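*Asks:*
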Ligand SMILES: Cc1ncc(C[n+]2csc(CCOP(=O)(O)OP(=O)(O)O)c2C)c(N)n1
């Protein structure tokens, strides 16, 4: 993923997020950050590390555990002309403060007929795999993507993380920036090494709403985001040993969704598997499959498959959780059952 | 009202049980997590929030509760669970994720539920408060005995749910008591830097209920304040708020480097460890001699050892069991 880069500076996602924020704060006094434990601690996931020392407590603001108030305040400061960034420590906590986001932040541009913009970033940790159970391990990608008025991104590696953070801060809309704990580069959570990649120091943006083909192939398209991309890449390696050539699409953004890239890829391969750590039903996987089938079902040589989290609260016990998580082997199995034409059980 | 001798002995033994339980859990937690700390590994994976130092709150309050009374607890609930009478063997097995656990391994350490003693937890800050109001309402509507106690940390007093629940409970005169365990820290953020008032107990006045403050983790004063407020709730006189100054001897969770603590704070806290203070009190006031203390300690240790052995020896459920229990 890093071959086009002229740098051998490898960053974790945590560091690349912090660097993007730092550079934006240097050039724009309207950018500031709020959240729980984001100041001296540098964020539970390290993505605001070093910022307090550089910008001080006025612009790097620890908050009380009052998400309703401080995320509402983020909306208000954005509407008043600033570009606030707010951290919701775990996406699972959105329940206590969702209104500020989906009924206000996401709708005020529309309700005001475009008079009022809400240029804010809500960054939040998603994902499981480390036995934190169902109030601290969800992805909830589709919960945000479903409701109009918010852009939604989720990077799979540090290069994209920096470019997407820059784009999110400069965007005039609310952007939900979902970073996966297992990619963050925090060893205590376990971390996917593939997320730590070459990342230039100079500021750059990655357009929100553009997917990327991260591995080319001809027999099957595997679509994923965040951790799902790494599962897909590992599955592609395994499939390659059996002579199957898999193409992997990293969605990077959910809103806007780059439907064209997916459609083009499936037009080439004729087969589609979607990997999603979010719940199976009513989610990203269904949306991607609907996109492809609505567009031109005749391009498909087999019925599409999804490798997703079952529709259950995420259990604590490690072997329960691992049984439920998407992984490379499940993707390979999905491919094999797909080419056999096996029916998908419902 | 002062605690009776038997209550004092129960309080001490229960504090010892909780402490010894957590000491073993802490040791086992690091199995598989050294040299590199990765919370994914070991027989007890995931987050681990210890309550050591805060035992006086649990025993002082739960000494007044019967099985039928309801407790809603938090992410830091071992001490409360033990004091409420949650089955220790099944609790240990749950923390290990075993089939014999309270929830068969679905909930783990942050989601301990034991319906036999009306105990439950939420890992979302202040989200036990509404349900405590609801349990109290249920008892009131059906004319059934029982009170609800909602334990929270001081950080939770800045959540919307705290303020809404206090208002609702007072408005409807519900038999509920809200107990703030003020350990001074919400993860790395001090109470001073997150709370607009010096004492959360003053917030009770804003909702028309009594607010009590108990200083310095004192088990006897906690017992007294809890006794008064729980009796008041049982008599149908409505809710109360108790704020207790207590101490978190460990990090927020295991693996926390605690760099945010001012120098010397930990030493000062350990010097005030409530367990030796409680045994000293029993001795000084003649409730127990050295031999009786040793016996209470041995009983606590036996229970803990048995629970840990039960958890270790239990099996994991077949993995497909993960898919069950979503609906009634
Ligand atoms: C709504 C919500 N916000 C944030 C968190 C993350 N979190 C877990 S524990 C904690 C600190 C809680 O402090 P306090 O209530 O004082 O309890 P303590 O941990 O000190 O026992 C935070 C912020 C959460 N679980 N729920």
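Protein chains in written order, with the working numbering: chain A, 18 to 363; chain B, 209 to 536.
Using N, Cα and C, we set each Cβ at its ideal position, and we do this for glycine too.
No experiment lies behind these values; they were computed from the predicted model shown.
Thinking just about the alpha-carbon of each residue, which of 514(B), 451(B), 386(B), 293(B) is nearest to the one in residue 408(B)?
*Replies:* Per the Cα distances, 451(B).
*Asks:* Kindly indicate the opening and closing residues of the beta strand (DSSP E) around residue 469(B).
*Replies:* Careful: residue 469(B) lies outside any beta strand (DSSP E) and carries neither H nor E.
*Asks:* What residues in its chain sit with their C-beta under 7 Å from that of residue 206(A), if we drop five residues either side in the sequence?
*Replies:* Contacts found: 147, 198, 199.
*Asks:* Is it buried or exposed for residue 178(A), if we count other Cβ within 10 angstroms and need 16 for buried?
*Replies:* It is buried - the Cβ of residue 178(A) has at least 16 other Cβ atoms within 10 Å.
*Asks:* Quick one: residues in its chain with C-beta nearer than 6 Å to the C-beta of residue 102(A), no 5 flanking neighbours on either side, listed in chain order?
*Replies:* Once the five neighbours on either side are set aside, the close Cβ partners of residue 102(A) are 50, 138.
*Asks:* Please report the distance separating the alpha-carbon of residue 464(B) from that of residue 172(A).
*Replies:* About 27 Å.
*Asks:* Please identify the residue among 326(A), 136(A), 29(A) whose C-alpha is closest to the C-alpha of residue 90(A).
*Replies:* Cα-wise, what sits closest to residue 90(A) is 136(A).
*Asks:* Give the range of the beta strand (DSSP E) segment to which residue 271(A) is assigned.
*Replies:* Start and end: 270 to 272.
*Asks:* Using Cβ-Cβ distances below 9 Å, what residues of the segment 404 to 438 of chain B are close to chain A?
*Replies:* For the segment 404 to 438 of chain B, which is checked against every Cβ of chain A, the residues closer than 9 Å are 404.
*Asks:* Does the segment 296 to 313 of chain A come close enough to the segment 273 to 293 of chain B that 3 or more CB-CB pairs lie under 8 Å?
*Replies:* No: the two stretches stay apart, fewer than three of their Cβ pairs being nearer than 8 Å.
*Asks:* Within the same chain, show all residues whose beta-carbon is closer than 6 Å to that of residue 261(A), passing over the 5 residues directly before and after it, in chain order.
*Replies:* 236, listed in sequence order.
*Asks:* For ligand 1, is there a heavy atom less than 7 Å away from the beta-carbon of residue 361(B)?
*Replies:* Checking every heavy atom of ligand 1 against the Cβ of residue 361(B), one is found closer than 7 Å.
*Asks:* For ligand 1, is there any heavy atom lying closer than 7 Å to the beta carbon of residue 364(B)?
*Replies:* Yes; taking the cut-off as 7 Å, the Cβ of residue 364(B) has a heavy atom of ligand 1 nearer than that.
*Asks:* When you compare only the Cα positions, how much space is there between residue 343(B) and residue 355(B)?
*Replies:* Rounded to the nearest angstrom, the two C-alpha atoms are 8 Å apart.
*Asks:* If you count every other CB in all the chains shown that lies within 10 Å of the CB of residue 263(A), and 16 or more means buried, which is it?
*Replies:* Classification for residue 263(A): buried.
*Asks:* For the pair the segment 239 to 249 of chain B and the segment 391 to 409 of chain B, tell me if three or more CB-CB distances fall below 8 Å.
*Replies:* The answer is no - the segment 391 to 409 of chain B does not touch the segment 239 to 249 of chain B, with fewer than three Cβ pairs under 8 Å.
*Asks:* At a cut-off of 7 Å, would you count residue 393(B) as near ligand 1, judging by its Cβ distance to the nearest heavy atom?
*Replies:* Yes, Cβ of residue 393(B) sits closer than 7 Å to a heavy atom of ligand 1.
*Asks:* Strictly under 8 Å for the Cβ-Cβ distance: is residue 57(A) near chain B by that measure?
*Replies:* Yes, because at least one Cβ of chain B sits closer than 8 Å to the Cβ of residue 57(A).
*Asks:* Taking the alpha carbon of residue 222(A) as the point to measure from, which residue in 176(A), 254(A), 95(A) has its own alpha carbon closest?
*Replies:* Of the listed residues, the one whose Cα sits closest to residue 222(A) is 176(A).
*Asks:* Cα separation between residue 258(B) and residue 481(B)?
*Replies:* Taking the straight line from one Cα to the other gives about 14 Å.
*Asks:* So residue 331(B) packs on residue 254(B), CB below 8 Å; how close in whole Å?
*Replies:* Contact doesn't hold; Cβ gap of about 11 Å is too wide.
*Asks:* What does a CB cutoff of less than 6 Å around residue 109(A) pick up in its chain, not counting 5 residues either side in sequence?
*Replies:* Cβ within range, chain order: 152, 153, 155.
*Asks:* Comparing C-alpha positions only, which one of 454(B), 368(B), 508(B), 501(B) sits nearest to residue 393(B)?
*Replies:* Among 454(B), 368(B), 508(B), 501(B), the Cα nearest to that of residue 393(B) is on 454(B).
*Asks:* So, with DSSP's three-state summary, where would you put residue 277(A)?
*Replies:* Correct three-state label for residue 277(A): helix.
*Asks:* From the DSSP output, which residues share a beta bridge with residue 329(B)?
*Replies:* Beta-bridge pairing links residue 329(B) to 281(B).
*Asks:* Which value, in whole angstroms, describes the spacing of the CA atoms of residue 379(B) and residue 491(B)?
*Replies:* Roughly 45 Å separates the two Cα atoms.
*Asks:* Quick one: does residue 253(A) have its CB under 8 Å from some CB of chain B?
*Replies:* For residue 253(A), the answer is no, since every Cβ of chain B falls outside 8 Å of its Cβ.
*Asks:* Can you check the segment 197 to 282 of chain A for any alpha helix (DSSP H) of at least 4 residues that lies completely inside it and give the ranges in chain order?
*Replies:* Whole alpha helix (DSSP H) segments, 4+ residues: 244 to 258.
*Asks:* How about the segment 182 to 199 of chain A and the segment 158 to 172 of chain A: do they share at least three Cβ pairs that are nearer than 8 Å?
*Replies:* The answer is yes - the segment 158 to 172 of chain A touches the segment 182 to 199 of chain A, with three or more Cβ pairs under 8 Å.
*Asks:* Taking the beta strand (DSSP E) that residue 448(B) belongs to, which residues open and close that run?
*Replies:* It spans 448 to 453 - the beta strand (DSSP E) in which residue 448(B) sits, taken as one unbroken run.
*Asks:* Can you tell me which of the three DSSP states residue 190(A) falls into?
*Replies:* In the structure shown, residue 190(A) sits in coil (DSSP, three-state: anything other than H, G, I, E or B).
*Asks:* Measure from the alpha carbon of residue 313(B) to the alpha carbon of each residue in 508(B), 536(B), 519(B), then state which is nearest.
*Replies:* The option with the nearest alpha carbon to residue 313(B) is 519(B).
*Asks:* Quick one: Cα of residue 449(B) to Cα of residue 420(B), how far?
*Replies:* In a straight line, the C-alpha of residue 449(B) is about 6 Å away from that of residue 420(B).
*Asks:* Give the secondary structure of residue 311(B) by DSSP, where H, G and I count as helix, E and B as strand, and everything else as coil.
*Replies:* Coil at residue 311(B), not helix or strand.
*Asks:* Can you confirm whether residue 78(A), when its beta carbon is compared against all beta carbons of chain B, has any partner nearer than 8 Å?
*Replies:* It does not; no Cβ of chain B falls within 8 Å.
*Asks:* Is the beta carbon of residue 290(A) closer than 8 Å to that of residue 348(A)?
*Replies:* It is a contact, given that the beta carbons lie within the stated cut-off.
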